[in-house]
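Novice:
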Amino acid sequence: MEALVGLIVGIVISGLFSGLIIWIVSKLNLGLHVESFGWAIIAGLLIGIITNLVMQVVPATNQILSIIINLVISAAVILGCGSFLKGMTVKGFGGALIAAVAIAVVSFLIVAVFLGGAALVGQAAS
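Add 68 to a position in the sequence shown, counting from 1, and you land on the number used in the numbering used here.
1. Taking 8 Å as the cut-off, decide whether the C-beta atoms of A128 and M156 are in contact.
2. Ignoring anything shorter than 4 residues or poking outside the region 90-155, list the alpha helix (DSSP H) runs there in chain order.
3. Between K159 and the rest of its own chain, which residues show a CB-CB distance below 6 Å, the 5 nearest in sequence each way excluded?
4. Kindly indicate which residue of M69, V77, H101 and A143 has the alpha-carbon position closest to the one of I118.
5. Out of V145, G78, L113 and L72, which has the shortest C-alpha to C-alpha gap to L165?
6. Tell me which residue opens and which closes the alpha helix (DSSP H) that G163 is part of.
7. At the level of alpha carbons, what is the spacing between F152 and L183?
8. Taking C-alpha atoms, which residue in E70, G116 and A180 lies nearest to I79?
9. Looking at I92: is its Cβ nearer than 8 Å to the Cβ of V173?
10. Among I132, E70, I141 and V179, which has the Cα closest to the Cα of L114?
11. For N120 and G150, what's the separation of their Cα atoms in angstroms?
12. Enumerate in chain order the residues of its own chain whose CB-to-CB distance from V122 is below 6 Å, with the five nearest sequence positions on each side excluded.
As structure tokens, this is what we get:
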């Protein structure tokens with residue numbers, strides 16, 4: 069039972085964090101637009117869940133290739149969510165790819181601000 073509660077709490081936190089990132093990227097007008105923060109949370113949950121599920125079946129490769137594959141898969145999922153969710157608009161695959169890169173960069177910056185540069189440097193060294 070505790071594992072289920074932990075999973076639900078993790079999903080809620082992930083949805084809020086992903087929603088915040090997508091909302092920020094939407095405000096920067098980088099490939100996608102969401103009508104409200106609620107749509108951003110829904111999009112964040114869908115994009116995160118589907119991308120992670122797809123990445124589970126993609127064979128592991130070198131780090132650079134994995135990053136490129138993850139960005140392309142994320143862009144495809146963003147494009148799909150844009151046609152599925154009425155509160156989200158995506159400007160074609162190019163816009164989805166730009167949004168995927170922007171989401172990755174904004175995520176990195178948020179982690180850098182909250183965890184500090186030392187944590188990121190330490191993790192990069194490992």
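For every residue, glycine included, the Cβ atom is placed at its ideal position computed from N, Cα and C.
Specialist: Reading it off the structure:
1. no
2. 105-125 and 131-152
3. G99
4. A143
5. V145
6. G160 to L183
7. 34 Å
8. G116
9. no
10. I141
11. 18 Å
12. I141
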